[in-house]
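Trainee:
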Amino acid sequence: MRAVSELGKTLKKEMEKLPEIKLKRIRQCAVDVTFDPDTAHLWLIVSGDGKQVRYGDGAQKLPDNPERFNAGVCVLGKEGFSSGRFYYEVQVKQKTEWTLAVAKESINRKGSFTFYPGNGLWTVGLWDGETYEAHNKKVDVLSLKEKPQKVGVFVDYEKGEVSFYNVETSSHIYSFTGCTFTEKIYPFCYTHVKNEAPLIICPVSHSEFSPESHDLKREPAV
Numbered sequence: 221m222r223a224v225s226e227l228g229k230t231l232k233k234e235m236e237k238l239p240e241i242k243l244k245r246i247r248q249c250a251v252d253v254t255f256d257p258d259t260a261h262l263w264l265i266v267s268g269d270g271k272q273v274r275y276g277d278g279a280q281k282l283p284d285n286p287e288r289f290n291a292g293v294c295v296l297g298k299e300g301f302s303s304g305r306f307y308y309e310v311q312v313k314q315k316t317e318w319t320l321a322v323a324k325e326s327i328n329r330k331g332s333f334t335f336y337p338g339n340g341l342w343t344v345g346l347w348d349g350e351t352y353e354a355h356n357k358k359v360d361v362l363s364l365k366e367k368p369q370k371v372g373v374f375v376d377y378e379k380g381e382v383s384f385y386n387v388e389t390s391s392h393i394y395s396f397t398g399c400t401f402t403e404k405i406y407p408f409c410y411t412h413v414k415n416e417a418p419l420i421i422c423p424v425s426h427s428e429f430s431p432e433s434h435d436l437k438r439e440p441a442v
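The sequence shown: position 119 = 339 (my numbering), numbered continuously.
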């Protein structure tokens with residue numbers, strides 16, 4: 221009986237390692253992402269290096285170019301992807317409300333829209349400092365054991381999958397599966413007005429990848 225008990229403990233420890241191993245492998249697909257200031261709502265301030273975005277004190281005097289969102293307080297990444305796998309991480313620390321997503325290139329830039337895959341948005345976010353939601357065919361309220369400080373976003377274009385991870389705990393937050401991508405998709409961030417803390421795109425250290433993580437190859441941007 222003691223041997224069985226020890227075996228059970230060993231199996232439990234190995235099972236607990238699985239999410240961390242999976243995330244390490246997924247992180248091999250990391251790509252360099254920057255925010256595109258030409259798409260940013262006039263209330264948003266994008267840093268000079270394109271790695272941070274925050275809610276400003278007022279609307280900036282910038283041209284209302286076709287790429288710019290004029291209703292949703294959001295911004296796209298500069299880099300779009302039409303094949304392969306890609307992964308990036310965003311710091312959401314000190315944000316009481318935020319939304320992260322990937323969006324299709326043809327997403328409506330002028331006028332309001334709803335967070336819904338049918339509109340070309342696959343989103344996970346925090347509302348009112350306490351409620352985590354994924355907006356699928358219906359709104360899924362998420363029960364998270366720990367509050368994410370940094371969120372990893374992974375896309376497998378051919379498989380039609382979008383997944384979100386709590387980087388610090390190596391835990392899975394939510395996945396959209398069976399997605400049909402027919403055009404380029406872009407990183408998407410929506411920063412709410414509750415506070416001015418920035419959303420920050422973080423570098424992904426390749427030195428953290430494990431040697432056995434060879435079955436997921438990083439895919440170049442298209």
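Quick reminder that beta carbons are idealized off the backbone N, C-alpha and C, glycines included.
The structure displayed is predicted, hence computed values, not measured ones.
Is the distance from the Cβ of C399 to the Cβ of W342 below 8 Å?
Mentor: Counting from one through the sequence shown, the residue named residue 399 turns up at place 179. Counting from one through the sequence shown, the residue named residue 342 turns up at place 122. Yes; because the gap between Cβ atoms is below 8 Å, this pair is in contact.
Trainee: Would you list the one or two residues that DSSP bridges to F384?
Mentor: Against the sequence shown, residue 384 aligns to sequence position 164. Its beta-bridge partners are V373 and Y394.
Trainee: State the Cα-Cα distance for the pair L264 and S332, rounded to the nearest angstrom.
Mentor: To locate residue 264, count along the sequence shown from 1; it is residue 44. To locate residue 332, count along the sequence shown from 1; it is residue 112. Computed Cα separation, rounded: 16 Å.
Trainee: Does DSSP classify L243 as helix, strand or coil?
Mentor: Numbered from its first residue, the sequence shown carries residue 243 at position 23. Here L243 sits in helix by DSSP.
Trainee: Is there contact between the segment 337 to 353 and the segment 313 to 328, where contact requires at least three CB pairs shorter than 8 Å?
Mentor: These segments touch.
Trainee: What does the Cβ neighbour count give for P260, buried or exposed, with the cut at 16 atoms within 10 Å?
Mentor: The residue labelled residue 260 in the question sits at position 40 within the sequence shown. The question names Pro, yet the displayed sequence has Ala at residue 260. A260 is buried by the Cβ-count criterion.
Trainee: Check the Cβ-Cβ distances between V344 and every residue of chain B, and say whether any is below 8 Å.
Mentor: Among the chains of the structure shown, chain B does not appear; only one protein chain is present.
Trainee: With a cut-off of 8 Å on the beta carbons, I'd call E287 and E403 a contact; round off their distance for me.
Mentor: Working through the sequence shown from its first residue, we reach residue 287 at position 67. Working through the sequence shown from its first residue, we reach residue 403 at position 183. In fact, because the Cβ distance is near 15 Å, the residues do not count as touching under 8 Å.
Trainee: Buried or exposed: which applies to S383, given that a residue is buried once 16 or more other Cβ atoms fall within 10 Å of its Cβ?
Mentor: Numbered from its first residue, the sequence shown carries residue 383 at position 163. Under this definition S383 is a buried residue.
Trainee: For the beta strand (DSSP E) that contains F301, what are its first and last residues?
Mentor: The sequence position of residue 301 within the sequence shown is 81, counting from 1. First-last for F301: undefined, no H or E at that position.
Trainee: Out of S303, F374, K298 and V312, state which residue places its alpha-carbon closest to the alpha-carbon of K367.
Mentor: Counted from its first residue, the sequence shown places residue 367 at position 147. Considering only alpha carbons, the answer is V312.
Trainee: Using a Cβ-Cβ cut-off of 7 Å (strictly less than) and excluding sequence neighbours within five positions of T351, which residues of its own chain qualify?
Mentor: Sequence index remark: in the sequence shown, residue 351 carries index 131 (1-based). Closer than 7 Å at the Cβ level, and outside the excluded window around T351, lie V361.
Trainee: What is the residue span of the beta strand (DSSP E) that Q314 lies within?
Mentor: Walking along the sequence shown from the start, residue 314 turns up at place 94. No beta strand (DSSP E) contains Q314, which DSSP labels as neither H nor E.
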